[in-house]
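Student:
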RNA sequence: GGGCCUGUAGCUCAGUCGGUUAGAGCACUGUGCUGAUAACGCAGGGGUCACUGGUUCGAGUCCAGUCAGGCCCA
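Written out as structure tokens, the structure is:
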């Protein structure tokens, strides 16, 4: 017996332990870096890492995106691509500031200013890496290979400098301007709130509901009727919006004093507004007819600097509430501001940042904005402009920190004029491959179609400063595009300057126009600009790395969750479009969200977040990753639970592991090793498995090429199931038999090929078990093989090995075997009891040869002496016909029902026989004759009552259940073998140990044992079998009634 | 209010070009098998394919609408 190169692997395994071993191996041999080095010179595959913020612990959703990033990168490396996998960290922004504010107990910006911006930013800088070790540990443990040592960091000076360069390019194209943005704003805290903060503070509240008359300029008897729940905004009114397509009416209404008035409202709202009151509709017209109609201003505290007080048209006007005419105060509403931009309306701000009314609003100056509501209502009442007032209950946002009602408030800020490039944004999107595809023209495409200018400015502290300096004297503005330029304009070397606030604010420049002093504008830029700039800034382009940059743009592949559509995906796309008129990424996988077991979004506040470590420590990374890839399509939301990951372990990983364990155990026993010189003589089963294997490689490869993780994994699961529960089950004996022959070699070769190929197919998805199998099966026998499976080449499939018919045939054989087992079960006869015969019926002529060709295999599987087709030679069977709708329906369309009737009217016996013989039958419908082909009808066979049958559709297994004395004896012999095998196991013997076998049993059993003496000794590896009481030193089992079995391990020289 | 996605067994999901008995795994019950298996085989219970209408010889599948959930935007 030659020495086996394989390490025998026990069937029991602790997967997390196994994984940790390979983590060590990768680290020790620097495999990750070798994936880059060894592929240098190969085609470039460009990946961008969307930077996370490390100021919180990573969760399962991070494992999700990192797993999906990793799987395609590992695949590409195996395909020979060179990939720079550079990590990155997003480090700026409000969430970081809020964390620090919380720690310091701050509730307002004023406190930060008092504390000192320099010190505050220092704390921010520290806080962003507070959990970096958790991130690094988890990243390593989930086998996401990314270079964190050289990660780009958005707060680095070089990174900021690149961003300045980008902004300067935009500036010079005239794409950056200062405008107004309406933001949710807390007047008490003195700060705008981010969306997620607003979402925290919605409460049900009661507001005034007032209807106000706005008399028309050229027809003072007629008034527009508007509705509002914020009377305090009325002094800032500059326009009224109507929907262009809604129908409006002019109604005549009786006044208490006997006179009448005319009011204009949307037709669908007449009833809601006037209730039971009788009004007369005197005119009807579409909303667009109102465009430009001028009305008398409500208040003139502030004189507008532009034309105002006329009707504008807007799609956002609804006919759900109010009057269909909406009062516009651009300073206090997003929609209103949009209209102001569109119609160039003036922006009147009547509220100060602290929430009190400005002095110009004389009667109520200094009053808190909400407190003015009743006074304004009273004033309107006095002036006869109030139509009605009441109360209205709705949800309104309050500050989550202090409970103050929020103010939607126009603040001056900076914009990028993305709308100027909208057509390019849309056109370039066509070049991007989205997974799933609907995002392209759905969520992302719609977002681009409705593009609005990018609000860039942020009035905060910790972020990339906007590099615009403004002259104190003449107001001239200049964008600085580099540190060198800054130094030059400042007249001193600033190369060591921290480009953050407050230091950068202290740099004074000299105005090139008037020689005055220039100071930086106070704003920072949106953090989405930071992350979107990574395509340029991670390389400090254009100041450095120009060659690398050229090769690394655009990206071939990026992947994040769907919440990045308007976030990172957009910022990458927008920056690339404006800067290069090119796409930033070619392929993007857009992941769904992770929900908890009840379908709820995982969030800290709900307390339903699953810690990835809880899963990894129990089941391991491979199980978690496999679950994430196979559970559902990547774009769908997915429910997550630890139990489902456990299922993966049992169903897939352990099944694979056991095949692997089986192989190594027997290969080690036999001293088998792969041998390229002896060509294996494959049997039918081997050919089938190889056919399945090679079509698997083909399918999986295609899926990877299409960024289809589900398609790259689920088929492997099916293959492993078949490998374990059909190929191996049917092949076991070929490995057991002693000695070595061609058939055994073929079996080993086939199984070896399957396992080594699987290790490569699994390397991208389950990198640990893939490495385990590869190291033991490939590296151990082939010193020239790549050091790690992750450095190996992707397997090629052999088209010639794929035999679709063979695959289909075997599928049928498996089904027939299943029916055979069902029949045995029905008869209550265990598989160990041999039976004389089983007969099968199949519904279609072309399937009949499968039964004969695989008769031996079926006989063995079902433990019967003979397998045959049912229905031959006048056997008492009856047929019935089942017309197949798919074939016949497609052929005969609406004639199908009649054809079907005609077929059912045929004599089933005669027609069935002909069809099963492969001949057509003729039916007549409406005087026309039609030839029905054998593959258009299924023939259902029923067996005569004497047989035990199991059937499914047209397939049927009929069992002859008669047990002759000979069969009985053989059954007993097989039982006996099993008893001995159990005893061997109990005695703790090795698989290959030879034994002395002793037994005592009643007559009937003893007779059977003696009749099958050679068979029993061969099966149980007995060198001697004695019908006598076992000696004292033997292991004795009395597990079976009336039977004593004794075994004693034999000494080596007896073998 | 708008856009996008999802809705199939108790749970997680398949379901091809529309084809007449809607499947798998898990869980449950019974039973069998086992010297690779923490497994596996066989059988059983469990379905208004969210709902309504339409197209069609035929709809889980296509179309329209409704409802519910999710995400994003307002």
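Numbering (this note's numbering), first residue to last: 552 to 1606. Ideal Cβ placement from N, Cα and C applies to all residues, glycine included. If you're wondering where the values come from, they're calculated on a predicted model, not measured in any experiment.
What does the Cβ neighbour count give for residue 634, buried or exposed, with the cut at 16 atoms within 10 Å?
Tutor: Buried is the call here.
Student: Around the C-beta of residue 728, are 16 or more other C-beta atoms found within 10 angstroms, so that it is buried, or is it exposed?
Tutor: Exposed.
Student: Counting only the same chain and skipping the five closest in sequence on each side, list residues whose C-beta sits under 6 Å from that of residue 506.
Tutor: Any question about residue 506 goes unanswered here, given that the chain covers just 552 to 1606.
Student: How would you label residue 1317, buried or exposed, when you count the other beta carbons within 10 angstroms and need 16 or more for buried?
Tutor: Buried, because 16 or more other Cβ atoms sit within 10 Å of the Cβ of residue 1317.
Student: Please report the distance separating the alpha-carbon of residue 650 from that of residue 678.
Tutor: Approximately 8 Å between the Cα atoms of the pair.
Student: In chain order, what are the residue ranges of uninterrupted alpha helix (DSSP H) at least 4 long that sit wholly in the region 852-940?
Tutor: The region 852-940 contains these whole alpha helix (DSSP H) runs: 885-894, 924-933.
Student: Kindly indicate the opening and closing residues of the alpha helix (DSSP H) around residue 1206.
Tutor: Residues 1205-1221.
Student: If you compare alpha carbons, which of 1052, 1051, 1053, 1035 is closest to residue 1045?
Tutor: Ranking the options by Cα distance to residue 1045, first place goes to 1035.
Student: Just the Cα atoms here: how many angstroms apart are residue 552 and residue 1390?
Tutor: Its pLDDT being 46, under 50, residue 552 is placed unreliably in this model, and the coordinates cannot settle the point.
Student: Determine the closest residue to residue 1543 out of 1527, 1556, 1570, 1563, with distance taken between C-alpha atoms.
Tutor: Answer by Cα proximity: 1570.
Student: Return the chain-ordered list of same chain residues with a C-beta closer than 6 Å to the C-beta of residue 1606, the five sequence neighbours on each side being excluded.
Tutor: Confidence at residue 1606 is low in this model, with a pLDDT of 49, below 50, so its placement is unreliable and the value that follows should be read with caution. Once the five neighbours on either side are set aside, the close Cβ partners of residue 1606 are 1545.
Student: Is there contact here, the region 966-975 with the region 784-798, by at least three beta-carbon pairs under 8 Å?
Tutor: Result no; under three Cβ-Cβ pairs closer than 8 Å.
Student: Return the Cβ separation of residue 582 and residue 1342 in integer angstroms, given the expectation that the two are a contact with Cβ distance under 8 Å.
Tutor: About 7 Å separates the two Cβ atoms, so the contact holds.
Student: If I'm right that residue 1374 touches residue 1500 with Cβ under 8 Å, what's the distance once you round it to whole angstroms?
Tutor: Yes, residue 1374 and residue 1500 are in contact; Cβ-Cβ is about 6 Å, under 8 Å.
Student: Just to confirm the assignment: which complete alpha helix (DSSP H) runs, minimum length 4, are found wholly within the region 1498-1554?
Tutor: Entirely contained in the region 1498-1554, the alpha helix (DSSP H) runs reaching 4 residues are, in chain order, 1516-1538.
Student: Residue 585: which of 1338, 1251, 1487, 1408 sits nearest, CA to CA?
Tutor: Among 1338, 1251, 1487, 1408, the Cα nearest to that of residue 585 belongs to 1338.
Student: From the DSSP output, in three-state form, read off residue 967 for me.
Tutor: Residue state, collapsed to three classes: strand.
Student: How close, in whole Å, do the beta carbons of residue 1301 and residue 1237 come, if the pair is a contact with beta carbons under 8 Å?
Tutor: Between residue 1237 and residue 1301 the Cβ distance is about 4 Å, and since that is below 8 Å, they are a contact.
Student: Pull up the CB-CB distance for residue 996 and residue 980, whole angstroms please, since I reckon it's below 8 Å.
Tutor: Contact holds; Cβ gap of about 6 Å.
Student: Under the rule that 16 or more other beta-carbon atoms within 10 Å means buried, what is residue 564, buried or exposed?
Tutor: Buried is the call here.
Student: My parser needs the beta strand (DSSP E) runs of 3 or more residues fully inside the region 1121-1152; what are they?
Tutor: The qualifying runs are 1136-1142.
Student: Evaluate the contact criterion for the region 690-709 versus the region 635-644: three or more CB pairs, one atom per stretch, below 8 Å.
Tutor: Yes, they touch.
Student: Give me the DSSP bridge partner(s) of residue 1417.
Tutor: Paired residue(s): 1388.
Student: Reducing DSSP to helix, strand and coil, say where residue 832 ends up.
Tutor: The answer is strand: DSSP assigns residue 832 an E or B state.
Student: Report all residues from its chain with a CB closer than 6 Å to the CB of residue 1577; omit the five preceding and five following residues, and keep chain order.
Tutor: Answer for residue 1577: 1549, listed in chain order.
Student: Only counting runs of 3 or more residues, tell me where the beta strand (DSSP E) segments fall wholly within the region 559-595, in order along the chain.
Tutor: DSSP runs (the beta strand (DSSP E)) wholly in the region 559-595: none.
Student: In the structure shown, what three-state DSSP assignment does residue 1086 receive?
Tutor: Helix at residue 1086.
Student: So if DSSP puts residue 984 in a beta bridge, which residue, or which two residues, is it bridged to?
Tutor: Note: residue 984 sits in a beta bridge opposite 1138.
Student: Use the C-beta contact count for residue 1099: other C-beta atoms within 10 angstroms, 16 or more gives buried, fewer gives exposed.
Tutor: Residue 1099 comes out exposed.
Student: Provide the residue span of the beta strand (DSSP E) that contains residue 779, from first to last.
Tutor: That run of the beta strand (DSSP E) goes 773-779.
Student: Quick check on the burial criterion: 16 or more other C-beta atoms within 10 angstroms. Buried or exposed for residue 1539?
Tutor: Answer is exposed; the Cβ neighbour count stays below 16.
Student: Between the region 1396-1411 and the region 1446-1457, can you find at least three pairs of beta-carbon atoms closer than 8 Å?
Tutor: Verdict: no, contact absent.
Student: Report yes if the CB atom of residue 1174 is closer than 9 Å to the CB atom of residue 622, and no otherwise.
Tutor: Their beta carbons are not under 9 Å apart, which means residue 1174 does not touch residue 622 by this criterion.
Student: Assign residue 942 to one of three DSSP states: helix, strand, or coil.
Tutor: Strand, per DSSP.
Student: Measure the alpha-carbon distance for residue 632 versus residue 593 and round it to whole angstroms.
Tutor: Answer to the nearest angstrom: the Cα atoms are 5 Å apart.
Student: Does residue 1025 pass the burial test, meaning 16 or more other C-beta atoms within 10 Å, or should it be called exposed?
Tutor: By the 10 Å Cβ count, residue 1025 comes out exposed.
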